[in-house]
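Chains as they are written, first to last, in UniProt numbering: chain A, 1 to 96; chain B, 1 to 96.
Here a beta-carbon is modelled for each residue, glycine too, at the ideal position from N, C-alpha and C.
What follows is a short report on a single structure.
Number of protein chains: 2
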Amino acid sequence: MMNDELAVLRKKLDDVNLDLLALINERGKLVQEIGKVKEKQGTKRFDPVRERDMLNVIADNNQGPFQDGTLQHLFKEIFKASLELQEDDMHKALLV
Amino acid sequence: MMNDELAVLRKKLDDVNLDLLALINERGKLVQEIGKVKEKQGTKRFDPVRERDMLNVIADNNQGPFQDGTLQHLFKEIFKASLELQEDDMHKALLV
Numbered sequence: 001m002m003n004d005e006l007a008v009l010r011k012k013l014d015d016v017n018l019d020l021l022a023l024i025n026e027r028g029k030l031v032q033e034i035g036k037v038k039e040k041q042g043t044k045r046f047d048p049v050r051e052r053d054m055l056n057v058i059a060d061n062n063q064g065p066f067q068d069g070t071l072q073h074l075f076k077e078i079f080k081a082s083l084e085l086q087e088d089d090m091h092k093a094l095l096v
Numbered sequence: 001m002m003n004d005e006l007a008v009l010r011k012k013l014d015d016v017n018l019d020l021l022a023l024i025n026e027r028g029k030l031v032q033e034i035g036k037v038k039e040k041q042g043t044k045r046f047d048p049v050r051e052r053d054m055l056n057v058i059a060d061n062n063q064g065p066f067q068d069g070t071l072q073h074l075f076k077e078i079f080k081a082s083l084e085l086q087e088d089d090m091h092k093a094l095l096v
């Protein structure tokens, strides 16, 4: 039946959503660790060259169906959220 | 050394980026399949109730460090890109 087909696909999508959630948070933890190392080094957190490199790697490894530009937009949003995470940690550290 | 520590963390981040890329594209393929089933059924592609449900599941399963609102923003961007993917398929089908 068509509705079963839709239900199966939706179940798969729900699983992928949870995998994505876990992976984005795993990425968040790594970015927090990187923030701490940079803090100790006195290095700036925002590194546009490193961001550009990561976006190029995304495009180079993209097998679709999303277009490079769409994926790069999504990753830029993830980068932005990650930088905010590091800034939150920084503020918390200052308040202690 | 501090720079080795940063290099190791960055390598891990690069790996997570590639996993994310693969997973977002896997999600894209599922959404394309769902679009085709809905097309056959004559169902509307955009389903705000289903989107809201998925966003609630994200918040319910979020273990951080990202806040619920940040993750929901990122997922909304992914949903938007997915809908555009379905619309592209629709246009292509019409042009054949």
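Could one say the Cβ of residue i lies closer than 9 Å to chain A's Cβ atoms, at least one of them?
i: residue 48 of chain B; result: no
i: residue 10 of chain B; result: yes
i: residue 29 of chain B; result: yes
i: residue 51 of chain B; result: no
i: residue 44 of chain B; result: no
i: residue 6 of chain B; result: yes
Buried or exposed: residue i, going by 16 or more other Cβ atoms within 10 Å of its Cβ?
i: residue 31 of chain A; result: buried
i: residue 66 of chain B; result: buried
i: residue 42 of chain A; result: exposed
i: residue 64 of chain B; result: exposed
i: residue 3 of chain A; result: exposed
i: residue 62 of chain A; result: buried
Rounded to whole angstroms, what is the Cα-Cα separation between residue i and residue j?
i: residue 40 of chain A; j: residue 33 of chain A; result: 11 Å
i: residue 59 of chain B; j: residue 51 of chain B; result: 13 Å
i: residue 98 of chain A; j: residue 11 of chain B; result: No information on residue 98 of chain A is available, as it lies outside the stretch 1 to 96 that chain A covers here.
i: residue 86 of chain A; j: residue 47 of chain A; result: 13 Å
i: residue 21 of chain B; j: residue 92 of chain A; result: 31 Å
i: residue 17 of chain A; j: residue 75 of chain B; result: 9 Å
i: residue 78 of chain A; j: residue 38 of chain A; result: 19 Å
i: residue 71 of chain A; j: residue 54 of chain A; result: 11 Å
i: residue 9 of chain A; j: residue 49 of chain A; result: 39 Å
i: residue 14 of chain A; j: residue 57 of chain B; result: 9 Å
i: residue 99 of chain A; j: residue 5 of chain A; result: Not covered by the structure: residue 99 of chain A. The range shown for chain A is 1 to 96.
i: residue 19 of chain B; j: residue 24 of chain A; result: 10 Å
i: residue 26 of chain B; j: residue 84 of chain B; result: 15 Å
i: residue 29 of chain B; j: residue 89 of chain B; result: 11 Å
i: residue 94 of chain B; j: residue 7 of chain B; result: 49 Å
i: residue 44 of chain B; j: residue 73 of chain B; result: 23 Å
i: residue 36 of chain B; j: residue 82 of chain A; result: 35 Å
Got a sec: is the Cβ-Cβ distance from residue i to anything in chain B below 9 Å?
i: residue 56 of chain A; result: no
i: residue 87 of chain A; result: no
i: residue 91 of chain A; result: no
i: residue 95 of chain A; result: no
i: residue 151 of chain A; result: Residue 151 of chain A is absent from the structure shown; chain A starts at 1 and stops at 96.
Pick helix, strand or coil for residue i, following the three-state DSSP scheme.
i: residue 60 of chain A; result: helix
i: residue 35 of chain B; result: helix
i: residue 42 of chain B; result: coil
i: residue 75 of chain B; result: helix
i: residue 67 of chain B; result: coil
i: residue 53 of chain A; result: helix
i: residue 15 of chain B; result: helix
CB of residue i to nearest heavy atom of the ligand ATP: below 8 Å?
i: residue 36 of chain B; result: Among the components modelled here there is no ligand, and therefore nothing to report on the ligand ATP.
Legend entry - Under 8 Å (Cβ pairs) to chain D, residues found in the stretch 64 to 75 of chain A: Here chain D cannot be found, since the structure's protein chains are A and B.
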